[in-house]
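I have placed the structure first, in the form of structure tokens, so that the comments after it can refer back to it.
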Ligand SMILES: NC(=O)c1ccc[n+]([C@@H]2O[C@H](COP(=O)([O-])OP(=O)(O)OC[C@H]3O[C@@H](n4cnc5c(N)ncnc54)[C@H](OP(=O)(O)O)[C@@H]3O)[C@@H](O)[C@H]2O)c1
């Protein structure tokens, strides 16, 4: 038994980190103390937690001592450097960045989908990409019941997925356009206000898919335990929405699955709410998903152009289930299974 964990939150002033603090206060992980970390820039900033405030400190050899669990969301470079140091200092790290997700010694876990993978951790457990997270929560029951041969995912991603600077940029650009001024773009390569950008993250090393699209394809396979036989193609777009990502998923199953069977299957699965009465205007919306932990699924219908294929519309709150809630659920899973701490004799995964 524990009298509660000493929990570090790295990136506590950010979009994900501040949501982690909210979710930690709402849920039942036993927490003795929360220790928020930011960069030197925001050190000393007081952030809200459980009706009070806690003060951010910078990461240092000294400040990371004595932590049991660390929930980290301060970008890949910070996680590359600090996750192994935190593990060495005795903490188990649940990491929200993309840096560790595809590392073969790091499990990539959604508690509703592949909880058993957490058992193999060597100090770091990765949290999936937000778009991948909500897509896989919705697809896992279909994968288990009818098999999936091919997925075509088209995404409509909100600006909070990029962080707090992007939210400020959308607000400022919207105001500028409404005032008749030219919008100024810094976070994205083009103005996002009143626009749709067919680019989420970057085109790396001449690849014609973006890094976000590559994440959706690779992480989906890793979480489901699938190989290249699961064919996936993703197109990720950024839309001028503050919170909540939407995904249009075209899913070809191995075995026949009717829309009615799919609705029943998803309605019975954990973490999913089926909202599917389109004639009454009932379907998932980002405004309905914002602030919720469940993934919303609707517009479930046959693809008339291909056998054994369904179309689904999947919406989730990228900051909650897409990041913070899943990270806290992973911490709860580690707690319930006695997996908090670094396994004896295990060296932290090397970057
Ligand atoms: N936004 C999403 O929906 C989402 C979903 C899943 C995963 N993620 C991942 O989560 C990470 C954070 O995303 P975000 O959207 O929360 O970004 P954000 O709003 O820009 O916040 C970044 C946070 O990192 C902190 N930070 C920056 N450099 C640091 C350093 N050297 N040491 C300690 N803290 C440092 C910042 O502190 P300061 O206040 O000091 O600058 C801030 O708290 C990214 O890797 C992102 O890919 C984001």
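In the working numbering, the protein residues as written are 136 to 486.
Don't be surprised by glycine CBs; every beta carbon is placed ideally from N, CA and C.
Model, not experiment: these values are computed from the prediction.
| Item | Value |
| --- | --- |
| Complete runs of the beta strand (DSSP E) confined to the segment 173-213 [at least 3 residues] | 181-184, 187-190, 204-207 |
| Length of the line joining the Cα atoms of residue 234 and residue 414 | 43 Å |
| Beta carbon of residue 147 nearer than 8 Å to that of residue 159 | no |
| 8 Å Cβ cutoff met for residue 268 and residue 461 | yes |
| Rounded straight-line distance, which links the Cα of residue 283 to that of residue 277 | 7 Å |
| Residues of its chain near residue 398, where Cβ-Cβ distance is below 8 Å and the 5 sequence neighbours each way are ignored | 409, 411, 435 |
| Under 8 Å between C-beta atoms of residue 191 and residue 171 | yes |
| Near ligand 1: residue 210 beta-carbon under 7 Å from a heavy atom | yes |
| Cβ-Cβ distance between residue 143 and residue 298 below 8 Å | no |
| Residue range of the beta strand (DSSP E) that includes residue 292 | 283-292 |
| Buried or exposed by the 16-neighbour rule on C-beta atoms within 10 Å, applied to residue 373 | buried |
| Supposed contact pair residue 480 and residue 424 - C-beta distance, whole angstroms, cut 8 Å | In fact, because the Cβ distance is near 43 Å, the residues do not count as touching under 8 Å. |
| Residue 256 versus 232, 279, 222, residue with shortest Cα-Cα distance | 222 |
| Closer than 7 Å: residue 289 CB and nearest ligand 1 heavy atom | no |
| Closer than 7 Å: residue 145 CB and nearest ligand 1 heavy atom | yes |
| With 16 other Cβ atoms within 10 Å as the buried cut-off, status of residue 484 | buried |
| Contact test: residue 335 Cβ vs ligand 2 heavy atom, cutoff 7 Å | Ligand 2 is not among the ligands present in this structure, which contains only ligand 1. |
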